[in-house]
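Anchor point for the sequence shown: position 523 equals 1233 in the numbering used here, and the numbering is continuous, going up by one each time. Everything on this sheet refers to the single structure shown next.
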Amino acid sequence: MGWCICTLPKLGHAQDLSQLLAQLNKSKDDATKIPILYQIGFTYQQKNTYKKAIEYFLKANQIEKDQDLPQKKSLENLGYAYKELGNYAQAIQYLEEIIAIEDQSTNQDITVLKELALLYNLNKQYNKAISYTQKILVIYQQSEQTELVSNTYNNLGYLYKKAGDRNKALEHYQKAIAIIENSGSLVSGESQAIAYINAGVAYTSLGDFKQARTYYQKAIRLREQEGKPAQIADANNYLAVYYYLAGNNTKAINQVNKAIALAQPIKAEQVLVSSYKILSDIYQQEQAFEASQKYFKQYQQLKDKLAQQQRDAQKKVLQKQVEVEKEESKLKELIAEKNQKEAQLKQSELERQKQDQELKLQQQELALLKHNQDLQKAELKNQQLEKERVEQLLALAEQENRVEKQRLLTEKQKREAEKQKLIAAKEKAEKLQQTKALQAAQNEKKLQQEQLKQEKKLRQYSNIALVLGSLLFVFVLFSFAGSQRARRKLKQQNRKIQSQKEELQQNQDEILAQRDFIEQKHREMEFANHKLMQNEHVLRKAYDKISKSISAAKTIQKGILPHPKKVQDILGEHFVIFEPKDVVSGDFYWVKSVNNYRFVIAADCTGHGVPGAMMSMIGKSSIDKVILIKNICDPAQILTQLHHEIKQALRQEETGNNNGMDIIVLRLDDLDEQRTQVTFSAAKNPLYYVESEQTEIKTLYGDRRSIGGDQSEDIPFTNQEVVLSKGSLLYLGSDGFVDQNDVKRKRFGSKKLIRILEDCCEQGLEQQKATLMQALKGHMTETTQRDDILYIGVKI
């Protein structure tokens, strides 16, 4: 967003500081001191040492107050200096004093109004900024200054946007554009481009992408006419963001690449920061995670570079402030020495005159001698006063130093508070992710239970149909046998024909009733079967949806694991066996280089599948927080802090759940090209290692406690250290490998794993991985995987 800025001028010019300080020292009248104090302040402004400038402007302002003189000039300079120091509230206070005591009709007053509008904007007091900007608008409208009216409407739009009133913002941008389009060349290309870009941003925020694109394209055409590559590139970035928000990522990437092509040759780094961030967000949305990470890395590196440049500039300002203080102190000492020498020269002249008159007037000599003695006393008194003044100045300097230290401490505390807010926001996001994952798991469980109920009902209906069919068959068979007996009796007993006929009619009625009953049950079974097929279709759709969600979770989990190329860069020759039991895994590993240490972490979280994966997300973010944010690099301290982070994240003190993880933390510290110190700390799981040119497996055992849950605080996490030469091997992982059972439910076991490692440790690490996988698959023949499997091998 653009803001048409107008600031107070530096009201003066620099002069020779030593001359000015000498003049100030000699000046006895306050009225004559005021212009000298201004010139000293202007000189320090030119040197960008605003604290020293403020010191002298305050002295001038105090004299003006004491003598009831106009204060406008000193107040303007104080406002400017405090603004440059970033103390906007103090700058506003001095400029508001001008508004309170001066008439507001002069051109200079308009400049003060502009400065106040800008300062209130910088201080995020947008309603105040709007109020002053509206006063400025009235003045420009009265004087019919077309471009300034357009710029002021643009500034009002910007301020309403910052205040959150997007409709008001758009209204004022439209007014600025109407003036531009009606005035032609009366408004500069720069002002037109800023107005078009602001309108484009406003329409984008309101969802009117067609209008936004129109104004962005107008801005680009104006920038191209001006022939300024950095501004053209910046306008292309705005258009790229529009395409991105409108869902046209292909065009968005094209516009960003145009911006980069323009910005790179001229090293327009601020534009490039925006370009790389836009590309990272686009590729993230496209799920092109490798490209997204590439541009995010470029964005972060360039952002850090610019931040470092700003810190370096601030450091130079502070150094310059110290140098100026020293320079002033030295100049004051020189002035004092000069005054002393002048006094000494005067004294010598008096002594010479005394000697010339010595022979003429003895009495005058005595009088002169007494006079000289009085002068010496006065000089001694002056020297004492000067000494006391210097001591006072030193005390004042020490006081200012203490105040500055307190300010720096306060700023540090503020930054720490902001840092804690970021940590709290991140923890909140992590808890939200956990809640969503638990909800997904519960939904999956409910769908499975519903499917089992439907299958049970189907089996019940099938059994009922079978029983009814059997009854019908038996009944018909019985009826047939009865009719045969009836025929035989008919031949033998003609007299019973009528009664048998009635009996047959009754049996026929019963058969028809039974048939109707069976047909009704058959229709009911067909309806139940149709309903069951419908439920199966619903269950199938739900299953497909859950499967897609879990597949997406697999992609996300893969994204949080270290990139293989990065792991290769940090560890060199290595292998990683990562075999989830289900689609996603509760095991994860973490590899980074921090503070000249290389860290390798293998973690086994409670559970597997979706619950385990969610636990691994919490574990990974907690490790990032402990090592990268809190900068804890001692492995035992990492585990202790991680235990507290997990308990806090899962609110285990409230819920009583014992979820957590078993974990190994390795810190590799290269002592020289041939030796590496390995510091090991672990929750339960062991580290196996083989020293260079040996085949015997040695073991470091983890502490007998886990991360998270109700753990005995009497068992602390401890560090174990070993120095290994180049070529030594490290093996670490979760317990999924050794706990895997065969068809007879026999574990793979640590003894078998150690034996295989000893047999293959002289092979390359890729061959070792193949050997371990072959042994594991052979052990798993005719059985299924029991748990997530993670195993890592590293060559020093």
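Don't be surprised by glycine CBs; every beta carbon is placed ideally from N, CA and C.
Pick from the options that is closest to residue i, judged by C-alpha positions
i       : options                               : result
Ala1134 : Lys1487, Ser1332 and Gln1387          : Ser1332
Tyr1411 : Leu1376, Glu1383, Lys1026 and Asp1382 : Leu1376
Tyr1501 : Gln1387, Arg1414, Ile1374 and Pro1426 : Ile1374
Leu1442 : Phe1285, Ala1480, Lys1241 and Gln1421 : Phe1285
Lys885  : Gln855, Lys1408 and Asn861            : Asn861
Gln902  : Ala945, Tyr913 and Asn958             : Ala945
Glu1406 : Gln1019, Leu1463, Tyr754 and Gln749   : Leu1463
Ile970  : Asn958, Gly957, Ala956 and Tyr948     : Tyr948
Tyr830  : Lys793, Arg1361, Thr759 and His1247   : Lys793
Gln804  : Ile773, Tyr836, Lys968 and Ile764     : According to the sequence displayed, residue 804 carries Tyr and not Gln. When each option's Cα is compared against that of Tyr804, the closest is Ile764.
Lys769  : Gln835, Gln781 and Ile1499            : Gln781
Val1301 : Cys1315, Asp1334 and Gln1116          : Asp1334
Gln1278 : Ile1270, Lys1268, Arg1308 and Thr1265 : Arg1308
Ala1313 : Ala1393, Ser1438, Gln851 and Asn1367  : Ala1393
Lys775  : Ile811, Glu1363, Lys1276 and Lys824   : Ile811
Lys762  : Leu747, Gln1011 and Gln1130           : Leu747
Lys1036 : Leu727, Arg1250 and Thr1428           : Leu727
Lys1026 : Ala1263, Ser1460, Thr759 and Asp1379  : Thr759
Nearest-angstrom Cα separation, counted from residue j out to residue i
i       : j       : result
Leu661  : Arg876  : No answer is possible for residue 661: the residues shown for the chain start at 711 and end at 1506.
Gly1488 : Glu1472 : 22 angstroms
Ser853  : Leu826  : 21 angstroms
Val848  : Asn865  : 14 angstroms
Phe1185 : Val1320 : With a pLDDT of only 48 at Phe1185, under 50, the local geometry of the prediction cannot be trusted, and the value read off the model is given with reservation. Looking at the two C-alpha atoms, the distance is approximately 56 angstroms.
Asn908  : Phe919  : 14 angstroms
Leu869  : Ala973  : 29 angstroms
Ile1417 : Pro939  : 55 angstroms
Ile1260 : Gln997  : 16 angstroms
Gln1216 : Met1243 : 41 angstroms
Phe1458 : Leu1467 : 13 angstroms
Lys1064 : Ala741  : 39 angstroms
Ile1337 : Ile1348 : 7 angstroms
Gly1419 : Ala1127 : 29 angstroms
Pro1274 : Lys1291 : 21 angstroms
Leu1060 : Lys738  : 25 angstroms
Gln1387 : Lys1004 : 32 angstroms
Ile744  : Tyr766  : 9 angstroms
Leu1486 : Arg1465 : 13 angstroms
Tyr1171 : Met1235 : Bear in mind that the predicted position of Tyr1171 carries a pLDDT of just 49, short of 50, making it too unreliable to give a figure here.
Asn1367 : Tyr1009 : 41 angstroms
Leu1439 : Gln1358 : 36 angstroms
Asn1429 : Lys1007 : 34 angstroms
Glu1283 : Leu1482 : 17 angstroms
Lys1138 : Gln1362 : 16 angstroms
Cβ-Cβ separation, residue j to residue i (assumed contact under 8 angstroms), whole Å
i       : j       : result
Ala888  : Ala943  : Between Ala943 and Ala888 the Cβ distance is about 28 angstroms, and since that is not below 8 angstroms, they are no contact.
Tyr798  : Leu832  : 5 angstroms
Ile988  : Tyr954  : 7 angstroms
Asp1449 : His1318 : With 8 angstroms as the limit, Asp1449 and His1318 do not qualify as a contact, their Cβ atoms being about 12 angstroms apart.
Asn1395 : Ser1444 : 7 angstroms
Leu880  : Tyr913  : 7 angstroms
Ile1551 : Ile1342 : The displayed coordinates of the chain run from 711 to 1506. Any statement about residue 1551 would go beyond what the structure contains.
Thr1494 : Val1453 : Thr1494 to Val1453, Cβ: 10 angstroms. No contact.
Asn682  : Gln995  : For the chain, the structure presents residues 711 to 1506; residue 682 sits outside this window and is missing.
Residue i classed as buried or exposed, judged by whether at least 16 other C-beta atoms fall within 10 angstroms
i       : result
Val1504 : buried
Ala1391 : The question names Ala, yet the displayed sequence has Ser at residue 1391. Answer is buried; the Cβ neighbour count reaches 16.
Ser1180 : A caution first: Ser1180 carries a pLDDT of 48, below 50, which makes its placement in the model too unreliable to give a value.
Asp1469 : exposed
Ile808  : buried
Val1304 : exposed
Ala1017 : exposed
Ile976  : exposed
Leu982  : buried
Ile1339 : exposed
Ser1422 : exposed
Phe1447 : buried
Asn787  : buried
Pro1426 : exposed
Phe1237 : exposed
Is the stretch 1398-1407 close to the stretch 1422-1438, with three or more CB pairs under 8 angstroms? yes
Below 8 angstroms, can you find three or more Cβ-Cβ pairs linking the stretch 1242-1262 to the stretch 1475-1488? no
Across the stretch 1316-1330 and the stretch 1295-1308, are there enough close Cβ pairs to call them in contact, namely three or more that are closer than 8 angstroms? yes
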